[in-house]
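Heads up: the structure comes next, in structure tokens.
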Amino acid sequence: MKLKYLVYLLLSLFFVAQPIRTGFCSYTETETFTTGKDWIQKMSKGEKFISVYAPMILLHRYGINFRKTPNEYAQTLDRVLLENPYLEKEEAANIFASTVYAYEPESRPAFKIMQMEFEQENLKPTLLIHPRSQSEVKDSVEK
Numbered sequence: 027m028k029l030k031y032l033v034y035l036l037l038s039l040f041f042v043a044q045p046i047r048t049g050f051c052s053y054t055e056t057e058t059f060t061t062g063k064d065w066i067q068k069m070s071k072g073e074k075f076i077s078v079y080a081p082m083i084l085l086h087r088y089g090i091n092f093r094k095t096p097n098e099y100a101q102t103l104d105r106v107l108l109e110n111p112y113l114e115k116e117e118a119a120n121i122f123a124s125t126v127y128a129y130e131p132e133s134r135p136a137f138k139i140m141q142m143e144f145e146q147e148n149l150k151p152t153l154l155i156h157p158r159s160q161s162e163v164k165d166s167v168e169k
């Protein structure tokens, strides 16, 4: 009976010590944002799709209509990062937003509204996104 508990104790110590020894704790403290360097060196097509799709959802709710699919934007970001290696330290979502802003001028009014709302901290804790129609975006910029 004592041998059984001794085996359980040793196994539990082994399973607790294993993640600590392999660096599990240090891994959880690392940065979680995807940088341009990660984009080029480490990410698969599926990971790139998800990294583009998440900001697309947010930006679309602010009234930005996209010309391309997430996969096409992933390819565009590949080209942008190859042509601009100094962006490797930037977050991939920021690079994506900058790319949309630069190549799709019709989206700029919605970006301005988004910027103003963030600056005014006009965000509700329960609803962080304010859906905007294209006509609403155009009207607010003209004022």
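Read left to right, the sequence shown gives residues 27 to 169 (this note's numbering). We put the beta carbon where it would ideally sit given N, CA and C, even for glycine. Since this is a predicted model, take the numbers as computed values, not measurements.
The segment 79-97 contacting the segment 116-130, beta-carbon criterion three pairs below 8 angstroms: yes
Straight-line gap, Met69 to Thr60 (C-alpha atoms, nearest Å): Within the sequence shown, numbered from 1, the residue matching residue 69 stands at position 43. Within the sequence shown, numbered from 1, the residue matching residue 60 stands at position 34. Each residue's alpha carbon lies about 9 angstroms from the other.
Closest by C-alpha distance to Ile139, when choosing among Asn110, Ala118, Ile90, Gln101: Numbered from 1 along the sequence shown, position 113 holds the residue referred to as residue 139. The candidate whose alpha carbon is nearest that of Ile139 is Ile90.
Touch test, the segment 127-145 against the segment 90-105, Cβ-Cβ under 8 angstroms, three pairs minimum: yes
Helix, strand or coil at Thr60 according to DSSP, with G and I counted as helix: Looking up residue 60 in the sequence shown gives position 34. Residue state, collapsed to three classes: coil.
Backbone secondary structure at Glu130 - three-state DSSP: The residue you call residue 130 lines up with position 104 of the sequence shown. In the structure shown, Glu130 sits in coil (DSSP, three-state: anything other than H, G, I, E or B).
Beta-carbon proximity of Ala136 to Tyr99, cut-off 7 angstroms: Walking along the sequence shown from the start, residue 136 turns up at place 110. Walking along the sequence shown from the start, residue 99 turns up at place 73. No, the Cβ-Cβ distance between Ala136 and Tyr99 is not below 7 angstroms.
Alpha carbon of Gln141 to alpha carbon of Leu85, nearest angstrom: Here the question's residue 141 lines up with position 115 in the sequence shown. Here the question's residue 85 lines up with position 59 in the sequence shown. Each residue's alpha carbon lies about 11 angstroms from the other.
Glu147 in three-state terms, based on DSSP: Position 121 of the sequence shown, counted from the first residue, corresponds to residue 147. The answer is coil: DSSP assigns Glu147 none of H, G, I, E or B.
Proximity to Ser77 [Cα-Cα], best of Glu145, Phe144, Gln146, Glu117: Translated into positions along the sequence shown, residue 77 becomes position 51. The candidate whose alpha carbon is nearest that of Ser77 is Glu117.
Pairwise C-alpha distance: Glu147 and Tyr112: By 1-based counting over the sequence shown, the position of residue 112 is 86. By 1-based counting over the sequence shown, the position of residue 147 is 121. Distance between the alpha carbons of Tyr112 and Glu147 is about 31 angstroms.
Three-state class that DSSP yields for Glu55 in the structure shown: By one-based count along the sequence shown, residue 55 stands at place 29. At Glu55 the pLDDT is 46, less than 50, meaning the model places this residue with poor confidence; the figure from the coordinates comes in the next sentence. Correct three-state label for Glu55: coil.
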